[in-house]
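Residue numbers (this note's numbering): -16 to 369. For each residue, glycine too, the CB sits at the ideal point set by N, CA and C.
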Amino acid sequence: MNRSGDLQRRLAFALFTVLLCAGVAALFATRSPALGSPVTVTPAAQQAPTGSVLVVRRSGDHDALWRLSPVDGTPTAAGVLRGRVGSVAVSPDGQNVAYLPADGAPRVWVGYGPLAPRTISLAPAGLKRVDSFTWISGDRLLVAGVKRASADSSQDRLYVVNVATGKTSAFRDLRGVEPSYAPGIGTVTYVRLTVVKPGTPANQNTPTIAESLRSVRLAGSGTGRTLLSERYRLFAEHRSFSHPRLSSGGDWLLTGQTGSDVSVTYTVREGRWGNPLLSVFTAALQAEAGWDAAGQRTAFAGTVPKDQGQACVWAFDPATGAMARTPVGLLPKLMVNDLAWSASGDLVAGASDWGVSPQRRHVLVLPGDLTSVNDLGSGRLPVWVQ
């Protein structure tokens, strides 16, 4: 299946609108470069980012890791992976990186460098497929997976993987997907999907789903609590609380709602009860960076108002209401697929060309104020490492 081609066709028919609080719309009137401006812009007064960018690049029938200079993109080999990568996660202390295979195989790759990454198999614990994961400490991962390869995501359960020993064990027998960890309060948020009513030929085989956004403390033995819940008849790729991200101190929560087209509604919420503060609907794939190291700002990507062919990135501070967006034309004809914060407040984005065949992958570095961009060359799933 040509997923990229299908996404382009659906995106062409997707509707776009932005719902912002009063005063934010004025940001969109900021004067910006012409649409034909070069992608790479590096103002002389801008401070160079610290650290380096770790990316995945295709290498024959597998993927390889490369460290890129955030200034000029100079690459340094950082390891070879035994397969294709589907997702990446950085440990809370920023010292380790883990990857999941694109095919959902029950294993994780951990680390980077001359002697890494190493492979940890989850098959001894009975897992047949792993769908999502997050770090919960410097040496433990929380993964969502199933023990039957044909099971859907409503059957995912949570497991703890000790990356030092390779041991995998059930996490309180909790069922859920897309875990995310808030280190400042020791809390995990995740999504539980429950089939309330199976689909039948009479209703076009669309089951009724209850989707719950839940949180649980790592300390103790409780099963946590439900923050929000919605029930709907499943169609296409609809989700109510996709990829929840709780800020490190637990004050704020970012969720995504996806629909039948290529579109996502980002909602910034109050962290304890999930009350919405801001919603932004955009015709693009979901790509969010979660929260910066201070837990004060969140960032997410979409398309420019009135021009769905151009990508943009938003950064929002819910405590002050301050909203920033990349100027029109800064990221022309790109689809942002991934975003990640650095410890110093810079962003790195993984993007692909829009309307170009064959598509090229870009690794883009943006300062925290989103006023410029530096294209480091090819790669995907970029994250910051020291």
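Note: A153 is bridge-paired with Y142 in the DSSP secondary-structure output. If you ignore the 5 residues before and after D76, its C-beta comes within less than 6 Å of the C-beta of G121, all in its own chain and listed in chain order. Between the alpha carbons of S361 and S42 lies a gap of roughly 12 Å.
Taking each of D114, T206, L268 in turn and checking the Cα distance to T248, the smallest one comes out for L268. Shortest Cα-Cα distance from V146 to any of R40, P58, R101 involves R101. Note: K180 is bridge-paired with T191 in the DSSP secondary-structure output. In the three-state reduction of the DSSP assignment, A302 falls in the coil class, being assigned neither a helical nor a strand state.
Counting of Cβ neighbours within 10 angstroms places R155 among the exposed residues, the total staying below 16.
With 16 or more other Cβ atoms inside 10 Å of its own Cβ, F224 counts as buried. The distance from the Cβ of L322 to that of V296 is about 7 Å, consistent with a contact at the 8 Å cut-off. Unbroken beta strand (DSSP E) runs of no fewer than 3 residues, entirely contained in the region 40 to 77, are found at 45 to 51, 58 to 63, 68 to 73, following chain order. Apart from the 5 residues on each side of it in sequence, S70 sits with its Cβ closer than 6 Å to the Cβ of L83 in its chain, given in chain order. Exclusion of the five residues before and after H45 leaves V63, L64, R65, G66, R67 as the residues of its chain whose Cβ lies within less than 8 Å of its Cβ. For L201, there is no enclosing beta strand (DSSP E), as DSSP marks it with neither H nor E. G254 and D290 have their C-alpha atoms spaced approximately 32 Å apart.
In the three-state DSSP reduction, A332 falls in the strand class (E or B). Taking the Cα of P53 as reference, the smallest distance to any Cα among G292, R158, T33, R40 is reached at T33. Between the alpha carbons of L37 and V366 lies a gap of roughly 5 Å. The continuous beta strand (DSSP E) containing L322 extends over residues 317 to 324. For S262, the three-state secondary structure derived from DSSP is strand. For A219, the three-state secondary structure derived from DSSP is coil. Residue burial is scored here from C-beta neighbours: T206 has fewer than 16 other C-beta atoms within 10 angstroms and is therefore classed as exposed. Annotation: I168 is outside any beta strand (DSSP E) and is labelled neither H nor E by DSSP. A334 sits buried, since 16 or more C-beta atoms from the chains shown fall within 10 Å of its C-beta. DSSP lists T248 as the beta-bridge partner residues of Q240. Within the same chain, Cβ atoms closer than 8 Å to the Cβ of I192 are found at S137, L176, T177, V178, V179, R214, Y215, R216, L217, the five residues on either side in sequence being excluded.
Contact between L317 and G257 is ruled out by a C-beta separation of about 32 Å, above the 8 Å threshold.
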